[in-house]
Amino acid sequence: MARFIVRRLIGMAIVMLVVSFLTFLIFFKIPGGDPADRLAGKYATPGQVAAVEREWGFDKPFWIQYGNMMEKTFTGDLISYTRQDKVVERIIDGAPRTFSLAIGAALIWLVLGVALGLFSALRAGALSDRFLTVLALIGISMPVFWLGALANYYLGYKAGLFPDGGYVPISEGGLWEWFKHMILPWSVLATLFVGVYSRVLRNQVLDTINDDYVRTARAKGISERRVMGRHVLRNSMIPIVTLWGLDFGYVLGGGAILTETVFDLQGVGDYFAESIGALDVPPVMAVVLFGAFFIVLLNGIVDIVYAALDPRIRLS
Amino acid sequence: MSTQPLLEVDHLKVDFRTDEGLVHAVDDVSFRLGQSEVLAVVGESGSGKSVTAMTLMGLTRSPNARFEGSARLRGQELITASDDELRKLRGKEIAMIFQDPMTSLNPVHRIGKQIVEQIQAHDDVSDAEARDRVVTLLDRVGIPRSRERIDSYPHEFSGGMRQRVMIAMALSCDPGVLIADEPTTALDVTIQAQILREMRDLRERTGTSIILVTHDLGVVADIADRIAVMYSGRIVETGTLDEIFYDPQHPYTWGLLGSIARIDRPRPHRLPSIPGQPPSLIDRPEGCHFRPRCRHEFEDCPKYPELEGRIGQAPGHDDRCWLPVEEKRDRRVVADGQIGLEAEGATA
Amino acid sequence: MATEPTVKPTDPLTATPATLDPAQVDPAAPPATGPWKLAWRRLRRNKVALAFGVLFVLLILSALAAPLWAEHVANTTPDRNRLADQIIVDGKPRDIVSVRGIPMGPTWRGEYFLGADENGRDVMVRLLYGARNSVFIGLTAALITTVLAVLLGLLAGYFRGWIDALISRGLDVLWAFPVLLLGIALGVSLATEGLSIGPITVAGNSLWIPTLIIGFVGIVYLARPVRGQVLGLREKEFIEVARAQGMSDWRIMTRELLPNLFSTILVFFPLIMANAILLEAALSFLGAGVQAPSPSWGTMIDTGLDRLRGAPHLTIAPGVMLIMTVLSLNIFGEGVRDALDPRAKVRLEH
Numbered sequence: 355m356a357r358f359i360v361r362r363l364i365g366m367a368i369v370m371l372v373v374s375f376l377t378f379l380i381f382f383k384i385p386g387g388d389p390a391d392r393l394a395g396k397y398a399t400p401g402q403v404a405a406v407e408r409e410w411g412f413d414k415p416f417w418i419q420y421g422n423m424m425e426k427t428f429t430g431d432l433i434s435y436t437r438q439d440k441v442v443e444r445i446i447d448g449a450p451r452t453f454s455l456a457i458g459a460a461l462i463w464l465v466l467g468v469a470l471g472l473f474s475a476l477r478a479g480a481l482s483d484r485f486l487t488v489l490a491l492i493g494i495s496m497p498v499f500w501l502g503a504l505a506n507y508y509l510g511y512k513a514g515l516f517p518d519g520g521y522v523p524i525s526e527g528g529l530w531e532w533f534k535h536m537i538l539p540w541s542v543l544a545t546l547f548v549g550v551y552s553r554v555l556r557n558q559v560l561d562t563i564n565d566d567y568v569r570t571a572r573a574k575g576i577s578e579r580r581v582m583g584r585h586v587l588r589n590s591m592i593p594i595v596t597l598w599g600l601d602f603g604y605v606l607g608g609g610a611i612l613t614e615t616v617f618d619l620q621g622v623g624d625y626f627a628e629s630i631g632a633l634d635v636p637p638v639m640a641v642v643l644f645g646a647f648f649i650v651l652l653n654g655i656v657d658i659v660y661a662a663l664d665p666r667i668r669l670s
Numbered sequence: 002m003s004t005q006p007l008l009e010v011d012h013l014k015v016d017f018r019t020d021e022g023l024v025h026a027v028d029d030v031s032f033r034l035g036q037s038e039v040l041a042v043v044g045e046s047g048s049g050k051s052v053t054a055m056t057l058m059g060l061t062r063s064p065n066a067r068f069e070g071s072a073r074l075r076g077q078e079l080i081t082a083s084d085d086e087l088r089k090l091r092g093k094e095i096a097m098i099f100q101d102p103m104t105s106l107n108p109v110h111r112i113g114k115q116i117v118e119q120i121q122a123h124d125d126v127s128d129a130e131a132r133d134r135v136v137t138l139l140d141r142v143g144i145p146r147s148r149e150r151i152d153s154y155p156h157e158f159s160g161g162m163r164q165r166v167m168i169a170m171a172l173s174c175d176p177g178v179l180i181a182d183e184p185t186t187a188l189d190v191t192i193q194a195q196i197l198r199e200m201r202d203l204r205e206r207t208g209t210s211i212i213l214v215t216h217d218l219g220v221v222a223d224i225a226d227r228i229a230v231m232y233s234g235r236i237v238e239t240g241t242l243d244e245i246f247y248d249p250q251h252p253y254t255w256g257l258l259g260s261i262a263r264i265d266r267p268r269p270h271r272l273p274s275i276p277g278q279p280p281s282l283i284d285r286p287e288g289c290h291f292r293p294r295c296r297h298e299f300e301d302c303p304k305y306p307e308l309e310g311r312i313g314q315a316p317g318h319d320d321r322c323w324l325p326v327e328e329k330r331d332r333r334v335v336a337d338g339q340i341g342l343e344a345e346g347a348t349a
Numbered sequence: 396m397a398t399e400p401t402v403k404p405t406d407p408l409t410a411t412p413a414t415l416d417p418a419q420v421d422p423a424a425p426p427a428t429g430p431w432k433l434a435w436r437r438l439r440r441n442k443v444a445l446a447f448g449v450l451f452v453l454l455i456l457s458a459l460a461a462p463l464w465a466e467h468v469a470n471t472t473p474d475r476n477r478l479a480d481q482i483i484v485d486g487k488p489r490d491i492v493s494v495r496g497i498p499m500g501p502t503w504r505g506e507y508f509l510g511a512d513e514n515g516r517d518v519m520v521r522l523l524y525g526a527r528n529s530v531f532i533g534l535t536a537a538l539i540t541t542v543l544a545v546l547l548g549l550l551a552g553y554f555r556g557w558i559d560a561l562i563s564r565g566l567d568v569l570w571a572f573p574v575l576l577l578g579i580a581l582g583v584s585l586a587t588e589g590l591s592i593g594p595i596t597v598a599g600n601s602l603w604i605p606t607l608i609i610g611f612v613g614i615v616y617l618a619r620p621v622r623g624q625v626l627g628l629r630e631k632e633f634i635e636v637a638r639a640q641g642m643s644d645w646r647i648m649t650r651e652l653l654p655n656l657f658s659t660i661l662v663f664f665p666l667i668m669a670n671a672i673l674l675e676a677a678l679s680f681l682g683a684g685v686q687a688p689s690p691s692w693g694t695m696i697d698t699g700l701d702r703l704r705g706a707p708h709l710t711i712a713p714g715v716m717l718i719m720t721v722l723s724l725n726i727f728g729e730g731v732r733d734a735l736d737p738r739a740k741v742r743l744e745h
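Below, the structure written as structure tokens:
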């Protein structure tokens with residue numbers, strides 16, 4: 355187990371390194387305008403531009419620039435080209451907002467998805483099952499930014515049922531204000547996933563319910579509740595849990611950028627959108643790394659949890 | 002051996018509604034099972050033997066299933082019992098071992114826990130007591146180092162060992178009736194023999210009655226007291242082991258006996274088989290179901306054949322064939338002094 | 396809960412002739428129906444899936460007919476601005492865009508069927524042209540994804556060894572990328588600069604930029620399952636036979652393995668395309684996809700959101716079109732999946 359985790363961590367570090375290098379390569383090759391020009395200002399003389407180039411290291415070979423940028427990322431000294439503020443601090447500011455969104459939405463879609471999936475499976479083929487199936491597919495087909503914007507405008511701004519976007523930290527507005535501001539973003543983001551989860555669980559339960567060991571469980575004379583809980587649901591949840599880990603990582607790592615933008619949550623995704631609009635390479639790189647970190651981390655956790663849930667899987 | 006019947010099944014009928022039509026899985030099945038008796042139910046796949054066994058456990062209940070007839074365990078009706086009544090009997094009074102030990106245990110729970118679950122469903126015992134009982138059970142079915150193995154997962158066992166776990170689980174509440182549905186089919190030949198020996202010993206020691214469901218007549222020779230041969234949802238012949246093996250009455254039984262592989266004889270080029278296909282359980286032939294495959298068909302066959310004694314001096318040896326007894330003895334091919342028959346046309 | 400004693404449905408696709416045990420084939424048995432025929436029969440019975448398949452075809456046809464509608468029904472082009480004009484509706488003149496800058500809503504007749512946008516352009520015409528872009532990008536991107544993913548999966552699964560190691564690690568890295576962020580970043584920077592790799596030059600406002608990006612980021616979702624399937628297939632007897640006959644690797648991959656992957660590809664393709672269309676809309680919404688003045692549902696929603704008050708049709712119309720397109724693909728795709736493999740579990744990420 356310990357060896358597995360160590361090996362996994364090394365693998366994660368290597369993947370992160372490659373991701374960071376590729377990201378840098380992409381933005382080095384496609385710089386979107388010379389950063390030195392921009393930093394020096396509109397009316398800079400060629401001498402000033404050259405000075406900026408030297409100061410920021412743009413005249414150095416590409417791999418030295420990469421090294422510098424990585425070093426600055428880890429020491430927290432990475433400076434944005436346009437606003438010239440510290441990138442890591444901005445990310446740390448935005449992270450609680452992104453986490454709030456991701457954690458709440460992920461819990462909602464897990465609980466709702468499992469509940470609806472189980473309900474659907476127990477009524478497989480019935481009208482309510484087919485209705486839920488169509489609903490699930492509509493949810494999957496929703497453009498999140500459209501749904502979010504309309505919900506924010508009609509339910510928030512017009513009807514006044516919810517705050518009209520924005521984020522209130524618990525430390526400033528208290529738990530209730532924070533919660534009130536998050537309900538709509540959570541629901542909208544969860545809509546995309548609830549359908550997937552209920553479909554996967556439904557099919558999984560219908561598969562499992564015909565498995566031989568479920569028949570054995572019934573033959574033992576244990577209660578139907580126990581058969582469903584400890585045997586059918588327990589085994590059907592294995593793929594759901596792994597899926598949830600991966601999706602959670604994806605949403606933490608930038609997958610919620612559209613929801614953040616639409617509800618003006620000012621999270622890491624918003625920071626990314628703002629920076630890419632200005633072709634500001636350091637924040638873009640740092641946020642991509644931030645996202646990759648959570649995706650890779652959750653991937654690793656999923657592997658370990660999967661092995662814990664299914665003893666047939668050997669960690670090696 | 003039998004005194005008062007422990008289990009009485011009368012005119013049991015099971016139908017399933019499907020997209021293709023009504024499937025008559027079990028049709029007019031009646032039998033008795035005595036105390037510590039071993040009844041072998043033999044037939045091809047689709048003959049209704051497994052459905053019969055699972056119906057006794059209530060495992061075939063579904064909105065698409067229809068039941069008729071009765072099955073009484075110590076006088077208690079099983080077919081019309083409520084789900085809850087049946088649940089209390091399942092695993093306690095009547096237990097079942099399934100065909101494939103590789104898939105019959107839940108892969109994510111330790112085997113000890115899976116057996117404890119059954120014990121605690123029926124008996125109010127502490128975890129420690131239940132665990133002790135499991136260790137004793139595992140010892141009894143011949144699992145070495147049972148104290149350690151109790152915490153193993155199913156995938157850490159071989160097929161034969163898993164089937165022993167299944168037997169231990171089935172025996173955990175001392176059931177009166179043990180149903181074994183093809184318990185050795187999925188196992189190696191050598192393991193098969195061990196498992197069968199295990200079951201025979203069990204019967205000796207605990208006096209449990211056993212219903213052994215199998216497609217292989219060869220398997221039952223060692224262990225069965227009585228045999229019921231099923232074909233297309235019906236019992237076509239039933240009698241003691243000797244009656245079925247030495248004086249089979251139904252042409253289908255002849256065919257079954259002819260297709261046993263015999264290690265004491267030179268191996269035929271190809272094992273004789275019964276020509277044709279079993280009938281569909283949706284559209285069955287009128288009268289005798291075996292008619293289309295039977296080379297002895299005559300004008301009486303479209304009449305419904307009751308399962309009844311057709312030989313005067315053998316009570317309990319019943320069959321569903323219209324042929325006169327003398328003609329049956331004439332037509333089947335018996336080699337002198339041999340157990341069983343060779344099917345016609347077999348090249349020895 | 397009821398246990399059904401019925402046998403689980405067998406997968407018609409694993410029972411390819413090459414894997415059937417000849418000993419089990421009874422000559423007396425009726426001729427088996429081919430897996431494709433069986434799947435088609437199952438799909439035909441699934442009326443809902445079929446209806447949505449037809450809906451998708453209609454959407455494509457209407458996209459193709461966009462110039463006809465623009466020229467003969469709406470009498471305009473997707474880019475024609477009519478800011479200060481009026482048109483006659485029900486005998487009364489109406490401002491196309493009011494003095495307060497609010498575009499008019501649907502007229503439900505030929506001209507301005509779904510109303511005007513902030514520049515006085517015909518929303519219906521722009522929707523239809525947007526459909527062309529969405530379908531073009533969705534289809535092309537899904538093709539790029541499929542071709543590359545199948546190629547990578549085939550190579551990795553068939554050759555194994557270092558080729559597999561290389562491809563699989565590459566997929567690991569791609570998997571670790573936050574694809575949405577990557578897509579946005581690439582979309583924005585390429586839109587300003589254009590793309591030039593050697594002799595190939597793509598202009599910044601070309602549809603090919605979002606198409607290539609979307610096609611590329613989808614690879615990982617298909618390449619992994621394909622590789623897994625090839626790993627399983629290559630152990631089958633028919634591949635061993637082909638190898639024993641001295642068939643070249645390329646021939647084995649294209650003639651023996653590829654046909655066995657068709658059902659997987661067929662199941663994934665509509666879902667990949669649905670996701671590609673959604674991703675295109677998202678990128679365009681953020682300004683990282685289709686560039687103005689070329690119409691896209693994503694950009695239409697983006698500009699429409701500023702005018703939700705007064706002109707909600709600007710937002711609602713492209714949203715509904717988008718949902719209908721993606722939903723029809725998803726439902727039809729589900730039907731294809733159920734028909735081909737009733738027990739398969741397929742899933743794509745957003």
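Going line by line, the protein sequences match chains A, B and C. Converting from the first sequence to my numbering requires adding 354 to each position, the first position being numbered 1. Converting from the second sequence to my numbering requires adding 1 to each position, the first position being numbered 1. Converting from the third sequence to my numbering requires adding 395 to each position, the first position being numbered 1. Don't be surprised by glycine CBs; every beta carbon is placed ideally from N, CA and C. Quick caveat: nothing in here was measured; it's all calculated off a predicted structure.
Can you list the residues of chain B that residue i reaches, using a CB-CB cut of under 8 angstroms?
i, result
"L663 of chain A", "V109"
Considering only residues of the same chain and omitting the five flanking positions on each side of residue i, which have a CB-CB separation below 7 angstroms?
i, result
"N557 of chain A", "none"
"Y511 of chain A", "D518"
"A712 of chain C", "L509, V518 and L522"
Does the beta-carbon of residue i have 16 or more other beta-carbons within 10 angstroms, so that it is buried, or is it exposed?
i, result
"A536 of chain C", "buried"
"A169 of chain B", "buried"
"P636 of chain A", "buried"
"R311 of chain B", "buried"
"A480 of chain A", "exposed"
"R361 of chain A", "exposed"
"P654 of chain C", "exposed"
"E443 of chain A", "exposed"
"Q115 of chain B", "buried"
"L257 of chain B", "buried"
Could you tell me which chain A residues have their CB closer than 7 angstroms to the CB of residue i, listed as they occur along the chain?
i, result
"L450 of chain C", "Neighbours of L450 of chain C on chain A: none; closest Cβ ~12 angstroms, over 7 angstroms."
"G714 of chain C", "P497 and W500"
Beta-carbon within less than 6 angstroms of residue i's beta-carbon, same chain only, minus the 5 sequence neighbours each way: which residues are those?
i, result
"G610 of chain C", "A536, I539 and T540"
"I180 of chain B", "A54, M97 and I212"
List, in chain order, every chain A residue whose beta-carbon is nearer than 9 angstroms to that of residue i.
i, result
"L138 of chain B", "In chain order: nothing, as chain A lies at least about 14 angstroms away."
"A96 of chain B", "A573, K574 and G575"
"A122 of chain B", "K574, G575, I576, S577 and R580"
Spatial neighbours of residue i within its chain, please: CB distance less than 8 angstroms, with the 5 preceding and 5 following residues excluded, ordered by chain position.
i, result
"A356 of chain A", "none"
Going by CA-CA distance only, name the one from the options that's closest to residue i.
i, options, result
"E94 of chain B", "B:P145, B:N65, B:C174 and B:R111", "B:C174"
"V190 of chain B", "B:A315, B:D217 and B:E149", "B:D217"
"R75 of chain B", "B:D133, B:P176 and B:G317", "B:P176"
(request) Please determine if the region 197 to 215 of chain B and the region 235 to 242 of chain B are in contact, where contact requires at least 3 C-beta pairs separated by less than 8 angstroms. (result) Touching, no.
(message) Whether or not the region 554 to 564 of chain C and the region 596 to 606 of chain C are in contact is what I'm after, with contact meaning three or more pairs of Cβ atoms, one per stretch, closer than 8 angstroms; do they touch?
(response) no
(request) State whether the region 117 to 125 of chain B contacts the region 606 to 623 of chain A, with contact taken as three or more CB pairs (one from each stretch) at a distance under 8 angstroms. (result) Output reads no: the region 606 to 623 of chain A does not touch the region 117 to 125 of chain B.
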